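Engineer:
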Amino acid sequence: MRYELMLPHQIRKAIEENWPAVLPLGVLEYHGEHMAVGMDTLAVIKTVELIERERDIVILPPFYYGAASYAVAPPEGSGSVQVGGPVLSPFAEELFYGLLRIGFRNIHAIIHHQTENFVAGMPTDLAFKTAGRQAIFRFLEKERGEGWWGSNSMADYYAGHAQGENVFNWVQVHPLMPAAMNGKYPFDHAGKGETSLMLALCPEAVDEKHFADNTGWYTKSAPEASADLGKIGVAMILDHLRAILVK
Numbered sequence: 002m003r004y005e006l007m008l009p010h011q012i013r014k015a016i017e018e019n020w021p022a023v024l025p026l027g028v029l030e031y032h033g034e035h036m037a038v039g040m041d042t043l044a045v046i047k048t049v050e051l052i053e054r055e056r057d058i059v060i061l062p063p064f065y066y067g068a069a070s071y072a073v074a075p076p077e078g079s080g081s082v083q084v085g086g087p088v089l090s091p092f093a094e095e096l097f098y099g100l101l102r103i104g105f106r107n108i109h110a111i112i113h114h115q116t117e118n119f120v121a122g123m124p125t126d127l128a129f130k131t132a133g134r135q136a137i138f139r140f141l142e143k144e145r146g147e148g149w150w151g152s153n154s155m156a157d158y159y160a161g162h163a164q165g166e167n168v169f170n171w172v173q174v175h176p177l178m179p180a181a182m183n184g185k186y187p188f189d190h191a192g193k194g195e196t197s198l199m200l201a202l203c204p205e206a207v208d209e210k211h212f213a214d215n216t217g218w219y220t221k222s223a224p225e226a227s228a229d230l231g232k233i234g235v236a237m238i239l240d241h242l243r244a245i246l247v248k
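Residues in the sequence shown are numbered from 2 upward in steps of one, following the working numbering.
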């Protein structure tokens with residue numbers, strides 16, 4: 002369900018049943034002359050909407066204003082919007098803390114932008130990862146007081162980890178395309194892989210008439226894109242989301 006359309010009794014049910022609350026996280030960035038600047042975020046939104054058809058999840062309003070950077074192209078006339086990590090982190094902490102206060106304990110931010118080396122991280126995902134940890138510590142100290150971890154009630158903390166119980170899993174950040182997809186589907190920027198994803202998920206975000214207007218090396222493979230290839234990538238992404246978005 003879309004969070005902004007939910008009534009309080011529906012929110013309470015989602016909390017009681019531990020529905021995943023999913024934040025589509027992304028940027029507005031130049032993706033060549035042939036593709037919409039919202040591609041990274043749209044890919045998350047559209048695949049999460051497909052998962053929503055299968056299971057109970059809460060879809061939070063998407064956040065588009067991440068750190069796009071100007072590494073691909075300067076912003077003038079290209080459309081890239083850059084909001085730096087130091088600004089994002091306090092916003093994200095307040096967002097996650099607010100969701101914890103509401104009662105959610107199964108919060109997931111999904112991002113596609115700059116995730117080819119997700120373990121090392123890039124500005125947007127790092128800001129939200131740090132914010133998630135900060136929000137959890139802050140919330141626990143408010144609810145349980147200082148010294149909560151050292152209290153005798155937490156004596157089974159490590160045993161609980163072994164059974165899959167971990168308060169720090171209340172807020173998680175994931176790449177849309179997991180490392181397991183490496184070598185199985187093209188990971189690129191506005192090339193064959195991403196263009197195919199958009200043709201499969203959101204064809205109105207691609208205008209093939211503008212392939213010839215591209216000059217960047219990263220867009221050279223875009224004319225090879227197809228909706229059929231995109232569907233292969235979507236299927237892999239959906240398997241990934243099914244594994245992480247569980248009650």
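Every residue gets a Cβ at the ideal spot worked out from N, C-alpha and C, and that includes glycine.
Remember, predicted model here, so these are calculated numbers, not experimental data.
1) Taking DSSP as the reference, what is the three-state secondary structure of Ala68?
2) Is it the case that the CB of Gln11 approaches a heavy atom of the ligand PLP more closely than 6 Å?
3) Could you pull out every unbroken beta strand (DSSP E) segment of at least 3 residues lying fully inside the region 122 to 192, listed in chain order?
4) Give me the Cβ distance between Met178 and Phe188, rounded to the nearest whole Å; I'm assuming they're in contact under 8 Å.
5) Shorter than 7 Å from the beta carbon of Ser70 to some beta carbon of chain C?
6) So does the region 139 to 150 actually touch the region 103 to 113, counting three or more Cβ pairs closer than 8 Å?
7) Taking only the alpha-carbon atoms, compute the straight-line gap between Val168 and Val120 and give it to the nearest angstrom.
8) Kindly give me the distance between the Cβ atoms of Met36 and Ala191, rounded to whole angstroms, as I take these residues to be in contact under 8 Å.
9) Grouping DSSP H, G and I as helix and E and B as strand, with all else coil, what is Val1?
10) Closest to Ser227 by CA distance: which of Lys248, Trp20, Asp240, Glu195 is it?
11) Would you list the residues sitting across from Arg13 in a DSSP beta bridge?
12) Between the region 84 to 91 and the region 51 to 68, do at least 3 Cβ pairs fall closer than 8 Å?
13) Taking Ile16 as the reference, give the member of Gly104, Val28, Pro25 with the closest Cα.
14) So, at 8 Å on beta carbons, what are the nonlocal neighbours of Gly80 in its own chain, with the 5 sequence-adjacent residues on each side left out?
15) Give the DSSP-derived three-state secondary structure of Arg54 in the structure shown.
16) If you draw a straight line from the alpha carbon of Thr48 to that of Arg139, how long is it in whole angstroms?
17) Pick helix, strand or coil for Pro21, following the three-state DSSP scheme.
18) Is it the case that the Cβ atoms of Val174 and Ile137 are separated by a distance below 7 Å?
19) Smallest Cα separation from Ile52: which of Asn183, Asp208, Leu202?
20) Please list the terminal residues of the continuous beta strand (DSSP E) segment that includes Ala110.
21) Can you tell me which of Thr216, Ile60, Glu50 puts its alpha carbon nearest to the alpha carbon of Gly20?
22) Note down the Cα distance separating Ala180 from Pro62, rounded to an integer number of angstroms.
23) Which class does Val82 belong to by DSSP, given the choice of helix, strand or coil?
24) Taking the alpha carbon of Phe212 as the reference point, which residue from Pro224, Tyr98, Pro204, Ala22 has its own alpha carbon closest?
25) Determine the burial state of His10: buried for a count of at least 16 other Cβ atoms within 10 Å of its Cβ, exposed for fewer.
26) Would you report the Cα separation of Met7 and Gly234, rounded to the nearest angstrom?
Structural biologist: In this structure, then:
1) As a working note, residue 68 is residue 67 in the sequence shown. Correct three-state label for Ala68: strand.
2) Among the components of this structure there are no ligands whatsoever, and the ligand PLP is therefore not found.
3) 172 to 176
4) Start at 1 with the first residue of the sequence shown, and residue 178 comes out as number 177. Start at 1 with the first residue of the sequence shown, and residue 188 comes out as number 187. Right, their Cβ atoms sit about 6 Å apart.
5) Among the protein chains of the structure shown there is no chain C, as only one such chain exists.
6) no
7) Sequence index remark: in the sequence shown, residue 168 carries index 167 (1-based). Sequence index remark: in the sequence shown, residue 120 carries index 119 (1-based). When rounded, the distance between both Cα atoms is 21 Å.
8) Here residue 36 refers to the residue found at position 35 when the sequence shown is read from its first residue. Here residue 191 refers to the residue found at position 190 when the sequence shown is read from its first residue. 6 Å between Cβ atoms; contact.
9) Any answer about residue 1 is impossible in this case: the structure gives the chain only from 2 up to 248.
10) Indexing the sequence shown from 1 puts residue 227 at position 226. Comparing Cα positions, the closest option is Glu195.
11) As a first step, residue 13 is located in the sequence shown; it is residue number 12 there, counting from the start. DSSP lists no partner for Arg13.
12) yes
13) Translated into positions along the sequence shown, residue 16 becomes position 15. For Ile16, the nearest C-alpha among the options comes from Gly104.
14) Counting from 1 along the sequence shown, the entry for residue 80 is found at position 79. Excluding residues within five positions, the ones whose Cβ falls inside 8 Å are Leu29, Glu30, Tyr31, Val38.
15) Here residue 54 refers to the residue found at position 53 of the sequence shown. In the structure shown, Arg54 sits in coil (DSSP, three-state: anything other than H, G, I, E or B).
16) Along the sequence shown, one-based indexing puts residue 48 at 47. Along the sequence shown, one-based indexing puts residue 139 at 138. Taking the straight line joining both Cα atoms gives about 32 Å.
17) Sequence index remark: in the sequence shown, residue 21 carries index 20 (1-based). Pro21 falls in the coil class under three-state DSSP.
18) In the sequence shown, counting from the first residue as 1, residue 174 sits at position 173. In the sequence shown, counting from the first residue as 1, residue 137 sits at position 136. For Val174 and Ile137, no; Cβs fall outside 7 Å.
19) Working through the sequence shown from its first residue, we reach residue 52 at position 51. Ranking the options by Cα distance to Ile52, first place goes to Leu202.
20) Here residue 110 corresponds to residue number 109 of the sequence shown, with the count starting at 1. First-last of the beta strand (DSSP E) with Ala110: 108 to 112.
21) Mapped onto the sequence shown, residue 20 falls at position 19. What sits at residue 20 in the sequence shown is Trp, not Gly. Checking every option, the nearest Cα to that of Trp20 belongs to Ile60.
22) Looking up residue 180 in the sequence shown gives position 179. Looking up residue 62 in the sequence shown gives position 61. Using only the alpha carbons, I get a separation of about 26 Å.
23) Translated into the one-based positions of the sequence shown, residue 82 becomes position 81. Val82: strand per DSSP, three-state reduction.
24) Counted from its first residue, the sequence shown places residue 212 at position 211. For Phe212, the nearest C-alpha among the options comes from Pro224.
25) Numbered from 1 along the sequence shown, position 9 holds the residue referred to as residue 10. Exposed, because fewer than 16 other Cβ atoms sit within 10 Å of the Cβ of His10.
26) Reading the sequence shown from its first residue, position 6 is the one you call residue 7. Reading the sequence shown from its first residue, position 233 is the one you call residue 234. For Met7 and Gly234, the distance between alpha carbons rounds to 31 Å.
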